[in-house]
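Novice:
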Amino acid sequence: MTRLPRVTGRELVGALQRAGYRLTHIRGSHHYLRRGEGPGLVVVPVHGNRDLPTGTLRAILRQAGIAPELLLPRMLAWRGASTQRCR
0 MTRLPRVTGR ELVGALQRAG YRLTHIRGSH HYLRRGEGPG LVVVPVHGNR
50 DLPTGTLRAI LRQAGIAPEL LLPRMLAWRG ASTQRCR
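Quick note on numbering that gives the first Met the number 0: the sequence shown kicks off at 0 and runs consecutively.
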């Protein structure tokens, strides 16, 4: 099993946006992202600067279809990116 980096919800939302996901709406502290017009919806909790629990991060990656091994190199390149508001 691959060791996952510690990331916040905000960092993960930015990484998913760069991977082709679009922020559809925000409800409370949960950001909803969709890729294209497909049926898949990925929900990311954004609770300030708190890191996501490892199990939550792994479940979100599974829903998004992103291999955990690919996250670490991409997160290092995506750190510091801001999230866009829904349109």
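All residues carry an ideal CB built from backbone N, CA and C; glycine is no exception.
This one's a predicted model, so the numbers in the text were calculated from it and none came from an experiment.
Give the secondary structure of L11 by DSSP, where H, G and I count as helix, E and B as strand, and everything else as coil.
Specialist: Counting from 1 along the sequence shown, the entry for residue 11 is found at position 12. L11 falls in the helix class under three-state DSSP.
Novice: Relative to the C-alpha of R2, which candidate in R57, D50, P38, L40 has its C-alpha closest?
Specialist: Position 3 of the sequence shown, counting from 1, holds the residue named residue 2. That would be R57, whose Cα lies nearest to the Cα of R2.
Novice: Cα separation between D50 and V43?
Specialist: The residue you call residue 50 lines up with position 51 of the sequence shown. The residue you call residue 43 lines up with position 44 of the sequence shown. Straight-line Cα distance between these residues: approximately 12 Å.
Novice: Who are R33's beta bridge partners in DSSP?
Specialist: Here residue 33 refers to the residue found at position 34 of the sequence shown. Paired residues: R21, L40.
Novice: With a 10 Å radius around its C-beta and 16 neighbouring C-beta atoms as the bar for buried, classify R61 as buried or exposed.
Specialist: For this step, residue 61 is matched to residue 62 along the sequence shown. Classification of R61: exposed, given that the 10 Å Cβ count is below 16.
Novice: Give the range of the alpha helix (DSSP H) segment to which A63 is assigned.
Specialist: Position 64 of the sequence shown holds residue 63. Unbroken alpha helix (DSSP H) run through A63: 53-63.
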